[in-house]
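The sequence shown begins at 1017 in the numbering used here and counts up one residue at a time.
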Amino acid sequence: MAIGQRSAATIFGHGWLNYFQAMEILGVSRSTLDGWRKSGLLVFAKLPNGQLRIRHEDLNTWLEGLSEQW
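Set out below in structure tokens:
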């Protein structure tokens, strides 16, 4: 494994969710998640291969903020 690949695996391994996992946790469709991402409500990291990841901790913090609003 190349050094760059190892670094990406370490950074985006544990604690990071892919797009599908985020959709499942939030219970929303891809188009809804796309809209939230494009509007800046949720910030995803983009891997060199184009895949998107979000930190699980960031998603939980965002959800907690929503629950405080209600």
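Cβ coordinates follow ideal geometry from the N, Cα and C atoms, glycine included.
Taking a C-beta distance under 8 Å as the contact criterion, L1049 and L1075 do not qualify as a contact pair. When secondary structure is reduced to three states using DSSP, L1068 falls in the strand class.
Nearest C-alpha to G1056 among W1078, M1039, E1040, Q1037: W1078. Here A1061 is exposed. Its C-beta has fewer than 16 other C-beta atoms within 10 Å. In this structure, the beta-carbon distance from I1070 to L1082 does not fall below 8 Å. Short of 8 Å from the beta carbon of L1068, and not among the five residues preceding or following it, lie these beta carbons of its own chain, in chain order: N1034, Y1035, R1053, F1060, A1061, K1062.
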